[in-house]
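**Q** Taking UniProt numbering, the leading residue of the sequence shown gets 1, the next gets one more, and so forth.
Dumping the structure here so I can ask a few things about it.
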Amino acid sequence: MRYYENLQYFRPNGPVFIYLGGEAEANPRFLSTGIVYELAKETSGAMFMTEHRYYGKSLPFEDVFVNIDHMQWLSSRQALADIATLIKNIKSSPIFKTCKIVVIGGSYSGNLAAWMRLMYFELVDAAIASSSPVLAKKDFFEYLEKVNENYELYGTTNCLDDVRDIFAQSGKMLETSEGRKELQSKYNICPECDLNVLENQWVFYTYMTEKFMVNSQYGGPRVIKKHCSNLELIDVENDSNETDSNCLDVNFNSMIEETKRTPWAYSWLYQTCTEFGYFQTTSSTSQPFGDTLPLEYFIKTCVALYGPNFNEDKVDKAVAASNAFYGGLKPNVSRVVFSNGDADPWSTIGVLEDLTYQAPAVVINRASHCADLFPQRADATEEIKQASREIKYLIKNWIGVEKSSFD
């Protein structure tokens, strides 16, 4: 496992803060900004960042992306064991032997932070689990329900009605040959893509919904309102799946091949198919996108990527096993602070109420995904800054360092 360290502020007996890598390559910039950096600076702490196995350069085999048998050791449980091994190695050094250990993560790595206190409580003294979707869920329809709620709260008056009309109109156009030709022209879809194929329609709708999802997860109220005033500009001209001919490829098989060529995506989708689900479907009627992204789409993606054994039954068993092992929405942990923005679609499967006095929930008004981890950002609201101060206060209190002022 690759890791980074920053001992810029470390003094003997200061705490060790470990920022846990998730479904992406590790980057040392996370040790020079944000709540990790602030905590280290304020407590004379050391900083480390881990890289999750099967991401970045932490690959156990050279052929992991072509040999499915070599993917079997990719799991959150194995990742937790990797982190535990690193902590033991850190503590074996005389300068860190008596140091308190705090793990910090956001999104999936927020899960890992909470679960380190569950599985390796003897190694970890406290944890920050930001925007952590601790409940595994196959049909994660709540994600788009929250997107709907955000556009209702922060969008313009008729925004949701307009979105419904756009998706309904697209659906009608897909029913006829002339309509499909018109859609192909309107969205610059590659001529070889057959929009009469259901799987290709799902890919098309993936791109159609993407901007709404990104705006809800990361954009905030201002971005959503701006998007509503420009709905006629819904397009995919800058999408990463554009071909060399500058047209949009919505072919399902092309999407599968592109995923296989994208290491982080291949690894993360493997984890969703074998542990968590997290499939952001349109199963609910409380969203404006119609029945455009059914559960079947995501199951077919698992099978196409990893083989016929990765079917719905396997996903069901995997999700049930994850929740049974980790405790779902009620993990048996202490000295873990669960933080969520109330505008974050992922918060719908996160901890939003205190589990105990020592496992509190911090819910941040009008904030979205992992916002509390970066309170220094120019767009951080006072609510985000206040939440970060509260989180730092809790951590300092739990590890017994000098209390900072908190108001």
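Yeah, the Cβ is synthetic: ideal placement off N, Cα and C, and Gly gets one too.
Given the structure is predicted, the values throughout are model-derived calculations rather than measurements.
In terms of residues, what are the limits of the alpha helix (DSSP H) holding ALA324?
**A** 312 to 326
**Q** What beta strand (DSSP E) runs, 3 residues minimum, are completely inside the region 99 to 166?
**A** 101 to 106, 126 to 130, 137 to 139
**Q** Quickly, what does DSSP pair GLU5 with across the bridge? List them, please.
**A** PHE48
**Q** Determine contact between the region 24 to 33 and the region 69 to 76, defined as no fewer than three beta-carbon pairs at a distance below 8 Å.
**A** no
**Q** For ASN215, does the three-state DSSP call read helix, strand or coil?
**A** Here ASN215 carries a helix assignment [DSSP, helix/strand/coil].
**Q** Does the ligand HEM have a heavy atom nearer than 7 Å to the CB of TYR278?
**A** Absence of the ligand HEM is noted for the structure shown, with no ligands found whatsoever.
**Q** Using the C-alpha atoms, what's the distance from ASP316 back to GLY327?
**A** 16 Å
**Q** Where does residue 408 fall in DSSP's three states?
**A** Residue 408 is absent from the structure shown; the chain starts at 1 and stops at 407.
**Q** Should THR301 go down as buried or exposed, given a rule of 16 or more other Cβ atoms within 10 Å for buried?
**A** buried
**Q** By the 10 Å Cβ neighbour count, where 16 or more other Cβ atoms means buried, how is THR206 classified, buried or exposed?
**A** Answer is buried; the Cβ neighbour count reaches 16.
**Q** Can you find at least 3 beta carbon pairs, one from the region 64 to 73 and one from the region 89 to 106, that sit closer than 8 Å?
**A** These segments do not touch.
**Q** Helix, strand or coil for ALA367, going by three-state DSSP, please let me know.
**A** coil
**Q** When the Cα atoms are used, what is the spatial distance from PHE121 to SER334?
**A** 9 Å
**Q** Anyone know if the C-beta pair for ALA329 and VAL134 falls short of 8 Å?
**A** The residue you asked about is not Ala; residue 329 is Leu in the sequence shown. Going by C-beta atoms, LEU329 is nearer than 8 Å to VAL134.
**Q** Below 7 Å CB to CB, which residues in the same chain sit around ASN13 once its five sequence neighbours on both sides are set aside?
**A** THR98, CYS99
**Q** What separation, rounded to the nearest whole angstrom, lies between the Cα atoms of ASN150 and LYS91?
**A** 45 Å
**Q** Just to confirm before moving on: does the CB-CB distance between TYR218 and HIS369 stay below 8 Å?
**A** Contact flag set, yes.
**Q** Whether or not the region 276 to 291 and the region 141 to 150 are in contact is what I'm after, with contact meaning three or more pairs of Cβ atoms, one per stretch, closer than 8 Å; do they touch?
**A** Contact between the region 141 to 150 and the region 276 to 291 is present, because at least three Cβ pairs lie under 8 Å.
**Q** May I ask which residues mark the beginning and end of the beta strand (DSSP E) holding VAL16?
**A** 16 to 19
**Q** Which residue wins for smallest C-alpha separation from PHE338, given the options GLU25, LEU355, LEU80, SER58?
**A** Checked all of GLU25, LEU355, LEU80, SER58; the closest Cα to PHE338 is LEU355.
**Q** Check whether the region 358 to 373 touches the region 383 to 403, taking contact to mean three or more Cβ pairs, one atom from each stretch, closer than 8 Å.
**A** yes
**Q** Just list the residues that DSSP pairs PHE276 with in beta bridges.
**A** BP columns for PHE276 are empty, so no partner.
**Q** What residue from VAL250, GLY155, ALA84 has the CA that sits closest to HIS227's CA?
**A** GLY155
**Q** How is the alpha helix (DSSP H) around LEU80 delimited, first residue to last?
**A** 76 to 91
**Q** Per DSSP, ALA361 is paired with what?
**A** Its beta-bridge partners are PHE338.
**Q** Are the beta-carbon atoms belonging to VAL303 and ASN311 less than 8 Å from one another?
**A** yes
**Q** Relative to the C-alpha of LEU144, which candidate in VAL223, THR292, VAL203 has its C-alpha closest?
**A** The option with the nearest alpha carbon to LEU144 is THR292.
**Q** Count the CB pairs spanning the region 196 to 205 and the region 246 to 260 that are closer than 8 Å, and state whether there are at least three.
**A** yes
**Q** Could you spell out the range, first to last residue, of the alpha helix (DSSP H) harbouring THR43?
**A** First-last of the alpha helix (DSSP H) with THR43: 34 to 43.
**Q** Using three-state DSSP, classify THR356 as helix, strand or coil.
**A** strand
**Q** Mind reading off the beta-carbon distance from ASN323 to ALA136? Whole number of angstroms is fine, and I expect it under 8 Å.
**A** 5 Å
**Q** Apply the 10 Å Cβ neighbour rule to VAL336 and answer buried if 16 or more other Cβ atoms are within range, or exposed otherwise.
**A** By the Cβ-count criterion, VAL336 is buried, with 16 or more other Cβ atoms from all chains shown falling within 10 Å of its own Cβ.
**Q** Taking only three categories from DSSP, how would you classify ASN196?
**A** Here DSSP, grouped into helix, strand and coil, assigns ASN196 to coil.
**Q** Tell me whether ASN253 sits in a helix, a strand or coil according to DSSP, three-state version.
**A** helix
**Q** Would you identify the three-state DSSP class for VAL333, choosing helix, strand or coil?
**A** In this structure, VAL333 counts as coil in the three-state DSSP scheme.
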